[in-house]
Amino acid sequence: MIGTPISPVSAVGRVTANRYVSSAFLRLDIDLGLPFDFRPGQFAMVNEPGPGGWTFSRPFSVLAAADQTLSLLYRVVGRGTAALAELPAGASLQVLGPLGTPFPAPTAERSAVLLGGGVGLPPVLAWCERWGRKDDIACFGARDGAEVPWELLGPRWHVSVDRPNGLPPGRVAFTGVVTGLARTLPGLPGPGRADILACGPLPLLRAAARLAQERGWGCYLSLEEHMGCGYGVCKGCVVPVVRGGSVRNATCCQEGPVFAAADLPWLGEEDGGRGEDTH
Amino acid sequence: MIGTPISPVSAVGRVTANRYVSSAFLRLDIDLGLPFDFRPGQFAMVNEPGPGGWTFSRPFSVLAAADQTLSLLYRVVGRGTAALAELPAGASLQVLGPLGTPFPAPTAERSAVLLGGGVGLPPVLAWCERWGRKDDIACFGARDGAEVPWELLGPRWHVSVDRPNGLPPGRVAFTGVVTGLARTLPGLPGPGRADILACGPLPLLRAAARLAQERGWGCYLSLEEHMGCGYGVCKGCVVPVVRGGSVRNATCCQEGPVFAAADLPWLGEEDGGRGEDTH
Amino acid sequence: MLPDWWQLDVTEPFTLGPRRLPGRIWTASGCFGYGLHAHDFRSPGGEGPYAGIGAVVTKTVTPAPRAGNPMPRLVETACGALNSIGLENVGFDAFLADVLPALEVRGVPNIVSLAATTPEAFGPMVARLHEQARGYAHWHGVELNLSCPNVAEGGHDFGSSAATVARCVASARAALPDRALLAKLTPNVADIAQLAVAAREEGADAVSAINTVVGLDVDLRTGRPFLPRRFGGYSGAAILPIALAKVDQVVRGAAVPVVGVGGVATAADALKFFALGAVAVQVGTAQMRDPFAAAGIARALARGPR
Amino acid sequence: MLPDWWQLDVTEPFTLGPRRLPGRIWTASGCFGYGLHAHDFRSPGGEGPYAGIGAVVTKTVTPAPRAGNPMPRLVETACGALNSIGLENVGFDAFLADVLPALEVRGVPNIVSLAATTPEAFGPMVARLHEQARGYAHWHGVELNLSCPNVAEGGHDFGSSAATVARCVASARAALPDRALLAKLTPNVADIAQLAVAAREEGADAVSAINTVVGLDVDLRTGRPFLPRRFGGYSGAAILPIALAKVDQVVRGAAVPVVGVGGVATAADALKFFALGAVAVQVGTAQMRDPFAAAGIARALARGPR
Ligand SMILES: Cc1cc2nc3c(=O)[nH]c(=O)nc-3n(C[C@H](O)[C@H](O)[C@H](O)COP(=O)(O)OP(=O)(O)OC[C@H]3O[C@@H](n4cnc5c(N)ncnc54)[C@H](O)[C@@H]3O)c2cc1C
Ligand SMILES: Cc1cc2nc3c(=O)[nH]c(=O)nc-3n(C[C@H](O)[C@H](O)[C@H](O)COP(=O)(O)OP(=O)(O)OC[C@H]3O[C@@H](n4cnc5c(N)ncnc54)[C@H](O)[C@@H]3O)c2cc1C
Ligand SMILES: Cc1cc2nc3c(=O)[nH]c(=O)nc-3n(C[C@H](O)[C@H](O)[C@H](O)COP(=O)(O)O)c2cc1C
Ligand SMILES: Cc1cc2nc3c(=O)[nH]c(=O)nc-3n(C[C@H](O)[C@H](O)[C@H](O)COP(=O)(O)O)c2cc1C
Ligand code: FES
Ligand code: FES
Chain A
1 MIGTPISPVS AVGRVTANRY VSSAFLRLDI DLGLPFDFRP GQFAMVNEPG PGGWTFSRPF
61 SVLAAADQTL SLLYRVVGRG TAALAELPAG ASLQVLGPLG TPFPAPTAER SAVLLGGGVG
121 LPPVLAWCER WGRKDDIACF GARDGAEVPW ELLGPRWHVS VDRPNGLPPG RVAFTGVVTG
181 LARTLPGLPG PGRADILACG PLPLLRAAAR LAQERGWGCY LSLEEHMGCG YGVCKGCVVP
241 VVRGGSVRNA TCCQEGPVFA AADLPWLGEE DGGRGEDTH
Chain D
1001 MIGTPISPVS AVGRVTANRY VSSAFLRLDI DLGLPFDFRP GQFAMVNEPG PGGWTFSRPF
1061 SVLAAADQTL SLLYRVVGRG TAALAELPAG ASLQVLGPLG TPFPAPTAER SAVLLGGGVG
1121 LPPVLAWCER WGRKDDIACF GARDGAEVPW ELLGPRWHVS VDRPNGLPPG RVAFTGVVTG
1181 LARTLPGLPG PGRADILACG PLPLLRAAAR LAQERGWGCY LSLEEHMGCG YGVCKGCVVP
1241 VVRGGSVRNA TCCQEGPVFA AADLPWLGEE DGGRGEDTH
Chain W
2001 MLPDWWQLDV TEPFTLGPRR LPGRIWTASG CFGYGLHAHD FRSPGGEGPY AGIGAVVTKT
2061 VTPAPRAGNP MPRLVETACG ALNSIGLENV GFDAFLADVL PALEVRGVPN IVSLAATTPE
2121 AFGPMVARLH EQARGYAHWH GVELNLSCPN VAEGGHDFGS SAATVARCVA SARAALPDRA
2181 LLAKLTPNVA DIAQLAVAAR EEGADAVSAI NTVVGLDVDL RTGRPFLPRR FGGYSGAAIL
2241 PIALAKVDQV VRGAAVPVVG VGGVATAADA LKFFALGAVA VQVGTAQMRD PFAAAGIARA
2301 LARGPR
Chain E
3001 MLPDWWQLDV TEPFTLGPRR LPGRIWTASG CFGYGLHAHD FRSPGGEGPY AGIGAVVTKT
3061 VTPAPRAGNP MPRLVETACG ALNSIGLENV GFDAFLADVL PALEVRGVPN IVSLAATTPE
3121 AFGPMVARLH EQARGYAHWH GVELNLSCPN VAEGGHDFGS SAATVARCVA SARAALPDRA
3181 LLAKLTPNVA DIAQLAVAAR EEGADAVSAI NTVVGLDVDL RTGRPFLPRR FGGYSGAAIL
3241 PIALAKVDQV VRGAAVPVVG VGGVATAADA LKFFALGAVA VQVGTAQMRD PFAAAGIARA
3301 LARGPR
């Protein structure tokens, strides 16, 4: 449904840019020295080259790829991302990608409701850039206005913030969660006429699944699991998927990170009604 | 004999300069943020600060100390020194020093014959800068003319090279080993009238001990041993010293690195007549 | 730059028990799946991740499929990792039906890693394997996983007794006349050489040493172990000196060929095992990080023009 | 930033067996000498290297002086180190005559580490110690080093049998009524909890876990082990997960107070041991690198205004 798979490439690239594009997110551009292509929703494993670096590479969704340059968007959360943030232009990085199952490509019958939260933006933004049509709806949620990487978002993007501070002059944002924002938008598609494509923290994914259910839409979610290999060999990243009543483990890195919400009934259960979109 | 010991200080310093001063030697200046003093022959343990870095700190002789700045001279030989060479100005370094037993201070009755080989230069250069008198003799040996850090050596320094290439215009050097050079110098002190103070590779130290014996001079040698702690607690750096016929282990880091050659009779033995100063 | 004493070409065939194997750099069980995940991976050098590899030791399979342990299963530590995968695998039937034929078709040299909950269960598994794969050119042998510390039933204690090792090896050997039989030993014992002796005496062609070391890490946010089962198997660079010590103990104490495993990420790491007398070396955790790791080491340790 | 569950102040006195100790962060045996080398060391913060330390566990002393093993004795590895010091020490007589009084005079809280070549030799050593140091305020106890893997006579096997551990502890306990008695256990066994049970049953007030892990590293220039005795004791960051696992096994399997040792370099590392239930933590290799390491950890884990 998404064409022939793209062979992953393992290469040592060179950082060409690495800078904050908002108060909390950095954009990293890596020249891989060879052509790189991907499908929106796929990711790359990144590490320092050579025997140094971290035992496990770090997964990051592909934000964009132009010719030989791969772009990522990330936030500093631990030692790997802290080290990434220190890298000057010219530094070397080991990259393996693209990996994983992407978001579905568009179909004529259904429009897309793109929901991105925080550093969950890259896959939905990439989808929008590549495939976005007039009727597709694009919403991005951040903690506040300063965290939003405005320069990356075209005019079609609707923005929600938890706190309305830090908004640049002339920018508007909905105060609340991103699914709350989506609900306020005019002309939402009818049942069976849209798919949600979402990536972000778990509460966002749960809220997205619930919204899809309410509206009778399809729903595809990009999950995050800690990863060992990123290419399916270690079984360190499994997610239970339920089909036809039987549970089995799917690798988040290979069978995911994008899953049909229908296969993840536990998403709703664990929530226990405390879904973030209720506030 | 050398005054009250100087208390070692442990501090995180800031690199103020780190550059090649010859084809193979770098000079590293570290601002410790507090006054630093030392005696020539003492060393400092250096490491990256924090839990990163190397399990064991690396020992380097103190080249100079001016106010709060500690200077080292080093050559890249392995992973620690390779990492040092990459440090930009502004980088942080953990320093513990000054450590170890220095060279003896000058006495009125005896002149000093300073012999430094390669990165064995710092302690003898430091001695010369602090205490050098007209009659003291200073010789430095390197592989070739390019390796010599000419800018550090005052006019009193005699230089020997293994190969006479790479000499800057206007510079002269003896071709041969540093003890060979010393032998050619006019007006060498008589028996009992001088002490050799030497630091450098083992063949140089052996040759120095032999020269001292031939001439009836005293001899103090700065030894190198791989070190764990650098301050006497681990017993990882011991050197057999022989006094009055009985052998015991001395810590190179605390009882050394400077030893009287008389206490190291094994120096001559192991040599087996293949001493570098014979060519 | 290879040291003077190094005389081998690890990409040349060598004999292990009744079998010629195509090379001495292998991937370790559980760290490269069933050897079927990286066929289309590319690198600027052009050579694929299988080039020069002597064998893929496949993820351990058990008689029945296993869902493995609860998540999280992996913890990265300062210089290695803990895993508690719990032997998730497709089960022996699916392995025979789907995996092994695929390896043969793709020409992936392989050694099949097996685990069972009783020593005597190995014989029938090996017999079925042998029957189905008798004519396979790329199936080179069996590695008995006697050491996985993560499995509740048996697990840790299973491979730490020489008597049990002996029974496992004897059972498998009887059913495996013409392929290499390896016993993979646990390091979590005081005397690994004794286990190796037991394996040799019952006819193992080699032992693989080591499996993971028992380790634990604490999540400071909760004050509890990261892994639901508390302990995990410690692997990666941190265990290299331990693996070298165990391999040395076996080489000098048991007179059986040894395949070195543990902490290998570079050609230099692999050389250390060969220096101690290992006949082959496996790449585990490093292969997870870089699917080209083993191939790169093999290339670095091949002699001659390249 | 300390986690919510953390409630202790490691610089407050606590009870261990018959004794109040001044704090819970100690330096490990062999990594801070006899505790007499760093008194004049300064740091910008102003506090000395002994500030807040609960005890210096002194370098193990043996009945007679020992010259130790041949050089080289240390190898740095990727994330730790191997040592083969071979228990170089001044001997028990000199220790009693010179070292222990100096520690008392300087007010260094200390625990004396002892080794001997037979279990029954501990009793008389402890008795002499007790006799001389009975009135000392800063001598808090004895740690029996039952685990040094570097000593040829006995060494490795010495502390790996529960029966021997029991004999050593019994012998020492009989002579040590009013100071803490600790047994330091080797990790190089399949079941460390069993050793701890033996120690507890004979009256040890606590066990220290772990001593170094057997390791080896190869010098690629020669193809031979770096250390003349081939094996060394592996320590440093690399062994932290192993030490945590062993401590957990002892805490949950032996119901005896445990002092955690192995790979501690930061307050976070120490917290992991406390999270598992350790009553105190020792800093070894990291103290060699930084004489202020233990003091820094103690400061970080002291509560209240500072
Ligand atoms: C498919 C996928 C796509 C992702 N895309 C992005 C992205 O585009 N931008 C972005 O900023 N982040 C993204 N993440 C999360 C990112 O991988 C983590 O933030 C990163 O691994 C943290 O590494 P660290 O060393 O800084 O954190 P540490 O906490 O020090 O890492 C310790 C270990 O935990 C793992 N880990 C920690 N947090 C996460 C997490 N949230 N998800 C997965 N593993 C984690 C690390 O990989 C490492 O193995 C993605 C994760 C996945 C699984
Ligand atoms: C008292 C003393 C003073 C010294 N002064 C200087 C100096 O002024 N300038 C200079 O360039 N070098 C000096 N050295 C040598 C310097 O310590 C080593 O070059 C350095 O430790 C190498 O570290 P590495 O990580 O690059 O090498 P690696 O080989 O990667 O280091 C591995 C281990 O071996 C140790 N090691 C390696 N070579 C030596 C050596 N020659 N001596 C001691 N330990 C070694 C390292 O400290 C480390 O523990 C001195 C050594 C001593 C003992
Ligand atoms: C994620 C993971 C899964 C593993 N699964 C297995 C397994 O199924 N069977 C087995 O014998 N060893 C298994 N191992 C152990 C490795 O094969 C190897 O013995 C160990 O990791 C040490 O080598 P390394 O440091 O190179 O990883 C596994 C290791 C890891 C990290
Ligand atoms: C150089 C060195 C010497 C040691 N000497 C002793 C010793 O004499 N007695 C002892 O019980 N342990 C000794 N040890 C072991 C340490 O006390 C400690 O148990 C071990 O190193 C693990 O802790 P670490 O990782 O913090 O170093 C020594 C360790 C090192 C590195
Ligand atoms: S991360 Fe290894 S299988 Fe997914
Ligand atoms: S280096 Fe530790 S005693 Fe000298």
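These protein sequences, in sequence, are chains A, D, W and E.
Last residue of the first sequence: 279 (my numbering), numbering continuous.
Last residue of the second sequence: 1279 (my numbering), numbering continuous.
Last residue of the third sequence: 2306 (my numbering), numbering continuous.
Last residue of the fourth sequence: 3306 (my numbering), numbering continuous.
Just so you know, even glycine gets a beta-carbon here, dropped at the ideal spot from N, CA and C.
One Cα belongs to residue 1007/D, the other to residue 3291/E, and the distance between them is close to 13 Å. Of the candidates 1168/D, 1212/D, 1140/D, 1160/D, 1168/D places its Cα closest to the Cα of residue 1146/D. Contact check between the segment 2202-2213 of chain W and the segment 2235-2249 of chain W: three or more CB pairs, one atom from each, fall below 8 Å, which counts as touching. Per the Cβ contact rule, the segment 1019-1039 of chain D is in contact with the segment 1066-1082 of chain D (3 or more Cβ pairs under 8 Å). Straight through space, the alpha carbons of residue 1174/D and residue 1160/D are spaced by roughly 4 Å.
Closer than 7 Å at the C-beta level to chain A, one finds these residues of the segment 2036-2049 of chain W: 2037, 2038, 2040, 2041, 2042, 2043, 2044. When DSSP reads this structure, residue 2297/W sits in no beta bridge, so it has no partner. Annotation: residue 129/A to residue 42/A spans about 14 Å, alpha carbon to alpha carbon. With contacts defined by Cβ atoms closer than 8 Å, residue 1060/D and residue 1072/D form a contacting pair. Listed in chain order, the beta strand (DSSP E) elements of length 3 or more contained wholly in the segment 2046-2105 of chain W are 2055-2057, 2074-2077, 2080-2083. At a cut-off of 4 residues, the continuous stretches assigned as alpha helix (DSSP H) that sit fully inside the segment 89-138 of chain A are 121-131.
The contact set of residue 3026/E on chain W, defined by CB atoms closer than 9 Å, is empty, because the minimum CB distance reaches about 20 Å. For residue 1061/D, the CB falls within less than 7 Å of some heavy atom of ligand 2.
Taking a C-beta cut-off of 9 Å against chain W, the contacting residues of the segment 42-71 of chain A are 45, 47, 50, 51, 53, 54, 55, 56, 57, listed in chain order. Using a CB distance cut-off of 8 Å, residue 2083/W counts as an interface residue toward chain A. Residue 3176/E and residue 3127/E have their C-alpha atoms spaced approximately 7 Å apart. Residue 1257/D is bridged by DSSP to 1101/D. Taking a beta-carbon distance threshold of 8 Å, residue 3062/E does not count as an interface residue toward chain D. A straight-line Cα-Cα distance of about 28 Å links residue 3002/E and residue 26/A. DSSP lists 3083/E, 3214/E as the beta-bridge partner residues of residue 3233/E. Set against 7 Å, the gap from the CB of residue 1234/D to the closest heavy atom of ligand 6 is smaller.
For residue 213/A, the three-state secondary structure derived from DSSP is helix. Residue 3282/E is bridged by DSSP to 3026/E, 3261/E.
Residue 3226/E and residue 3057/E have their alpha carbons spaced roughly 28 Å apart. Along the segment 146-232 of chain A, the alpha helix (DSSP H) occurs as fully enclosed runs of 4 or more residues at 178-184, 202-215, listed in sequence order. Comparing alpha carbon positions, the residue from 2260/W, 2205/W, 2013/W, 2181/W closest to residue 2141/W is 2181/W. Spanning the alpha carbons of residue 2104/W and residue 2138/W requires a straight line of approximately 6 Å.
Comparing alpha carbon positions, the residue from 2112/W, 2224/W, 2048/W, 2268/W closest to residue 2062/W is 2112/W. Checking the DSSP bridge columns, you'll see residue 44/A partnered with 60/A.
Not flagged as an interface residue toward chain A: residue 2303/W, since no C-beta distance is shorter than 8 Å.
In this chain, residue 2161/W is not harboured by any alpha helix (DSSP H), its DSSP state being neither H nor E. Within chain D, no residue has its CB atom less than 7 Å from the CB of residue 3263/E, the nearest being about 10 Å off. Selection 3217/E, 3228/E, 3278/E evaluated against residue 2272/W yields 3217/E as nearest (Cα-Cα). The C-alpha of residue 1100/D lies about 28 Å from the C-alpha of residue 3025/E.
Taking C-alpha positions only, residue 2214/W is separated from residue 2064/W by approximately 25 Å.
Only buried fits residue 3011/E, as 16 or more other CB atoms lie within 10 angstroms of its CB.
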